[in-house]
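Visitor: Listed in order, the protein sequences are those of chains A and B. Take the first sequence: its position 72, counted from the start at 1, is 78 in this note's numbering, and no numbers get skipped. Take the second sequence: its position 109, counted from the start at 1, is 115 in this note's numbering, and no numbers get skipped. Where a beta carbon is used, it is the ideal one built from N, C-alpha and C, also for glycine. Mind having a look at this structure? Questions to follow.
There are 2 protein chains.
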Amino acid sequence: MVFEDIIKDIVDNISGCCSGIMMGVDGVMVGSYHKSETLEDLNILSIEFTKILKEIKSSLELLKAGDVQEIAVKTETMMYLIKMISDEYFVAVLLEPLGNFGKARYLMKKSIPSFHSEL
Amino acid sequence: MVFEDIIKDIVDNISGCCSGIMMGVDGVMVGSYHKSETLEDLNILSIEFTKILKEIKSSLELLKAGDVQEIAVKTETMMYLIKMISDEYFVAVLLEPLGNFGKARYLMKKSIPSFHSEL
């Protein structure tokens, strides 16, 4: 199963999910899939979040709170969810404000072994 | 109802919730409540997140994605959830990894009018 198929399987099975991306923590996209014209937004946001992720990690190190597993941000117009695949890669999705956030968390967690088997 | 009572009402009614805090986006704590010895961690993390919040806001402005309403971070040892009360204040809680994240989101959202009535 290639990365795009794993991402498609996540995006297609979440109500209100517009697009998904797999990215390296260096900001380079590995694979993506989209149902609507939101992929460019997701790409830009994920590149921005590679910087924010470093800051979150360094804040958490102060507290010895362990590695980041998930980050979620909700705004008036969207939900953005990141799930770490490894220290080097993450998968992220963009949802509508009333999209199924719980199912997104569940499916992204469930997909991790599939990503690992392709790395 | 004072701020501490609103925070206590949130923390006491979420399974696995250790502590809660209300803070200004300038990093100054307004009120807090804790059930375990995690308040200092929550305070430090929330001060760190006032800086991270600014970066998230500026990234979202690029996409015209609206104001931040919620941020959640899950690590191996904890869940940290921020809910914006206004442009100037937020409430944040610290949960155990298997704490009731969904109820935390629900109660924090439901508490916003109570915070507003005290501002």
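Run through the DSSP bridge pairs and tell me what residue 96 (chain A) is partnered with.
Guide: Residue pairing for residue 96 (chain A): DSSP places it in a beta bridge opposite A:29 and A:90.
Visitor: Assess, as a yes-or-no matter, whether the region 39-47 of chain A is touched by the region 106-120 of chain A under the definition of 3 or more beta carbon pairs within less than 8 Å.
Guide: no
Visitor: With a 10 Å radius around its C-beta and 16 neighbouring C-beta atoms as the bar for buried, classify residue 51 (chain A) as buried or exposed.
Guide: Counting the other CB atoms within 10 Å of its CB gives residue 51 (chain A) a total of 16 or more, which places it among the buried residues.
Visitor: Report the option in A:22, A:68 and A:125 whose CA atom is closest to the CA atom of residue 105 (chain A).
Guide: A:22
Visitor: For residue 101 (chain B), list the residues DSSP reports as bridge partners.
Guide: B:23 and B:85
Visitor: With distances taken from CA atoms, which of A:110, A:124 and A:96 is nearest residue 49 (chain A)?
Guide: A:96
Visitor: I want to verify the contact list: residues of chain B whose CB lies under 7 Å from the CB of residue 73 (chain A), in sequence order.
Guide: Near residue 73 (chain A) (Cβ distances below 7 Å), the residues of chain B are 81 and 82.
Visitor: Can you grab the Cα-Cα spacing for the pair residue 43 (chain B) / residue 45 (chain A), in whole Å?
Guide: 43 Å
Visitor: Are there 16 or more other CB atoms within 10 angstroms of the CB of residue 83 (chain B), so buried, or fewer, so exposed?
Guide: exposed
Visitor: Cα-Cα, which of A:73, A:74, A:79 and A:75 is closest to residue 75 (chain B)?
Guide: A:79
Visitor: Could you pull out every unbroken alpha helix (DSSP H) segment of at least 4 residues lying fully inside the region 32-66 of chain A, listed in chain order?
Guide: none
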